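Residue numbering for the sequence shown follows our numbering, beginning at 69 and increasing consecutively.
Virtual Cβ for every residue (Gly too), placed ideally from N, Cα, C.
Just so it is clear, the structure is predicted and the values come from calculations on it, not from any experiment.
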Amino acid sequence: MPGFTRLMSAAGIHPMIKPHAQNIPTRGRAFLLGAAILGWASPARSQEDLLENNIHDLDRMVVVANRTEIPLSQVGSTVDILDDSDIDNSKQPFLLDNLRFVPGFYLRNNGGPGGVFGITMRGLNANPPTVLVDGVKVDNPGDGQIINFGNLFGTNVSQVEILKGPQSSLYGANALSGVISVQTKDGREDPGSELDLSYGAHDTISASLGTRGGAGAWSYAFSGNYFDQQFSVQDKNLGPEWADDDTYENKQASLKLGYQAGEKSTFNFFAYWFDSHSDFDPGDPDSLFGLPEFVNYTETEQFFSRLGGDFTLNEQWQSSLGIAFTDVETTTVTGGSFPSFGERLRYDWKNVVDLSEAWTLVGGVEYEEEKNQTDGSDRDNTSLYLENVVHATEQFDWTIGGRYDDNSAYGEKTTGRATFSYRLGDTGGRIRGSYGTSFQAPSFFQLFSSFGDTNLSPESGEGWDIAYEQVLGDGKVFFSSTLFGNDVKDKIVFSFNSF
């Protein structure tokens with residue numbers, strides 16, 4: 069009888085780990101040695117130039133690497149950054165098309181806009197990264213699927229931080245390959261308004277509206293988007309089943325509010341909603357399952373929000389509290405209807421304490437409840453984490469931290485991470501590296517469906533990287549070479565003969 073089980077032992081060099089129709093534990097390693105050289109700035113630059121020149125700006129501040137803001141030059145992990153100028157200059161409506169230019173980051177999407185989507189980061193295509201939008205986890209709690217970046221517009225995005233390598237010590241389950249943090253525009257930091265309307269080939273209609281600002285103690289940011297396109301991804305000569313125009317429609321809105329309650333307290337609210345419909349053609353008629361059908365589509369409606377507060381308790385201690393909600397409803401119709409409905413309620417308390425000018429502690433408590441509304445199953449998770457961030461000298465920085473997770477469905481997990489960054493004086497060179505452990509949680513479907521196994525334990529992983537970076541020509545030329553490895557055990561895969 070088919071079902072899920074664990075893959076336990078297999079090792080070797082491979083560029084990616086693929087889900088198979090078996091369940092026995094597996095191990096694998098992925099290695100990459102690469103370099104990027106950025107040329108001198110000029111009045112006219114390609115999209116890659118625009119993105120890469122900003123991706124490696126070491127003076128930028130980054131939050132995702134340690135859950136507190138520090139300069140990129142002091143970060144030991146691999147972090148790439150895209151900001152609003154990168155996205156605006158690309159002239160691409162969806163965030164998906166901007167992420168394609170990030171090194172070591174492979175995006176897969178089949179068909180037209182909103183089609184089947186996946187991310188491979190450092191060879192781990194079966195372990196997509198955790199995705200946060202303004203601090204909210206936005207994967208589907210029902211089936212564990214990553215959010216489709218082809219459904220997210222880029223017009224309201226201020227910055228994207230991409231943290232590579234195992235990050236469960238900071239972000240918990242499903243950060244085995246890394247974390248993508250998307251930050252939307254803020255009313256106080258980026259006031260203004262814009263309206264964009266366009267019409268093009270394939271009856272494409274695109275419209276976007278954004279307005280941001282503040283008055284007194286209040287700030288606001290609102291954006292709305294609409295996109296509609298008729299296209300065909302198959303040869304219409306194959307027959308009438310493939311001759312229809314396939315529609316992609318996407319409606320989207322977001323709202324961010326802030327309130328400054330004196331010098332030491334700030335309250336904020338964020339909400340994001342989108343509704344997308346994507347038609348697609350059946351498979352190749354020459355393939356085994358290429359059955360012709362006129363009705364093939366995927367519909368996704370997603371809403372997520374967060375209400376929180378940031379508090380300065382004294383000169384050394386800053387604290388934040390928040391409650392976040394995610395609701396995802398996805399239905400795919402092709403030879404039948406396949407719904408997936410899930411929701412997540414998450415509470416978080418984070419503290420940043422400066423013990424000295426050189427030593428900062430970042431720690432917190434998180435609690436979340438997840439529900440699979442498709443079959444009524446649920447689970448909860450309690451987490452504790454602590455990160456030491458040390459600016460030892462003007463040249464040397466290091467971090468070490470750990471996390472404990474206790475889940476009602478699959479038990480306890482403990483993870484850790486250590487990083488270092490060493491700048492080679494005034495030469496413009498830097499050596500950095502990291503090592504961490506992480507885990508991938510089994511989904512509701514893998515645990516509780518008719519094919520599931522309630523005894524499944526999480527996949528376990530460890531990874532490391534070491535890199536040399538060199539800045540030349542007053543920052544106009546950047547060279548980076550990174551060697552990394554991943555080791556994943558206890559892979560959960562589908563098996564037709566596991567019972």
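Limits of the unbroken beta strand (DSSP E) element including Q298: Segment 286–299, the beta strand (DSSP E) holding Q298.
- Query: How is N318 classed by DSSP in three states: helix, strand or coil?
  - Reply: In the structure shown, N318 adopts extended strand secondary structure according to DSSP, grouped into three states.
Simplified DSSP assignment, three categories, for Y478 | Collapsing the DSSP output to three states places Y478 in coil.
Next on the checklist: With distance defined between alpha-carbon atoms, name the residue in S408, L381, S236, W286 nearest to Q370.
Outcome noted: It is S408 whose Cα lies nearest to the Cα of Q370.
Check: Since D152 is in the alpha helix (DSSP H), which residue starts that stretch and which ends it?
Finding: In the DSSP assignment, D152 falls within the unbroken alpha helix (DSSP H) covering 152–158.
Whose C-alpha, out of E436, Q297, I248, L492, is nearest the C-alpha of D271?
Ranking the options by Cα distance to D271, first place goes to Q297.
On the criterion of 16 or more Cβ atoms from any shown chain inside 10 Å, does M189 qualify as buried, or is it exposed?
By the neighbour-count criterion, in which a residue is buried when 16 or more other Cβ atoms sit within 10 angstroms of its Cβ, M189 is buried.
Beta carbon of P621 nearer than 8 Å to that of E434:
The shown model of the chain, from 69 to 567, leaves out residue 621, and the question about it has no answer.
By how many angstroms is the C-alpha of Y316 removed from the C-alpha of S266? Taking the straight line joining both Cα atoms gives about 16 Å.
On a CA-only basis, which of S528, Q508, V131, N456 is nearest Q227? Give me that one, please.
Among S528, Q508, V131, N456, the Cα nearest to that of Q227 belongs to V131.
I'd like the span of the beta strand (DSSP E) that includes D422, first residue to last.
For D422, the uninterrupted beta strand (DSSP E) segment begins and ends at 405–422.
Checklist line | Distance between I248 and I468 (C-alpha atoms, nearest Å) | finding: Whole-angstrom Cα-Cα distance: 21 Å.
Which partner residues does I230 have in the DSSP bridge list?
Under DSSP, I230 shares a beta bridge with D148, I248.
Self-check item: Distance between Y503 and D533 (C-alpha atoms, nearest Å)
Solution: The alpha-carbon of D533 is positioned some 7 Å away from that of Y503.
Check your understanding: In the region 421–471, which residue ranges form an unbroken beta strand (DSSP E) of at least 3 residues, counting only runs that do not cross its ends?
Key -> Qualifying beta strand (DSSP E) stretches, in chain order: 427–440, 445–458.
message = Considering only their Cβ atoms, is the gap separating F173 from I230 smaller than 8 Å?
response = For the pair I230 and F173, the CB atoms are nearer than the 8 Å cut-off.
Here's the rule I'm using: 16 or more other beta-carbon atoms within 10 Å means buried, otherwise exposed. How should D127 be labelled? Classification for D127: exposed.
Hey, quick one: how far does the beta strand (DSSP E) through L492 stretch, first residue to last?
-> The continuous stretches of beta strand (DSSP E) do not include L492, and DSSP gives it neither H nor E.
Requested in this report: Using DSSP bridges, identify the partner residues of H345.
Outcome: Note: H345 sits in a beta bridge opposite E317, E367.
Q. Do you know offhand how far T366's Cα is from F348's?
A. In this model, T366 and F348 are separated by some 8 Å (Cα to Cα).
ask   = Out of Q514, L429, G541, V201, which has the shortest C-alpha to C-alpha gap to D443?
value = For D443, the nearest C-alpha among the options comes from Q514.
If you run the structure through DSSP and keep just helix, strand and coil, what is Q213? Coil, per DSSP.
From F290 to T380, what does the alpha carbon distance come to, in whole angstroms? Going from the Cα of F290 to the Cα of T380 covers about 27 Å.
**Message:** By the DSSP assignment, the beta strand (DSSP E) with Q384 in it spans what residues?
**Reply:** Segment: none, Q384 is in no beta strand (DSSP E) and carries neither H nor E.
Close-in-space but distant-in-sequence residues of the same chain around S287 (CB under 6 Å, 5 per side omitted): G255, R256, G326, listed in sequence order.
**Item:** F516 to N177 span [Cα, whole Å]
**Value:** In this structure, the CA atom of F516 is about 28 Å from the CA atom of N177.
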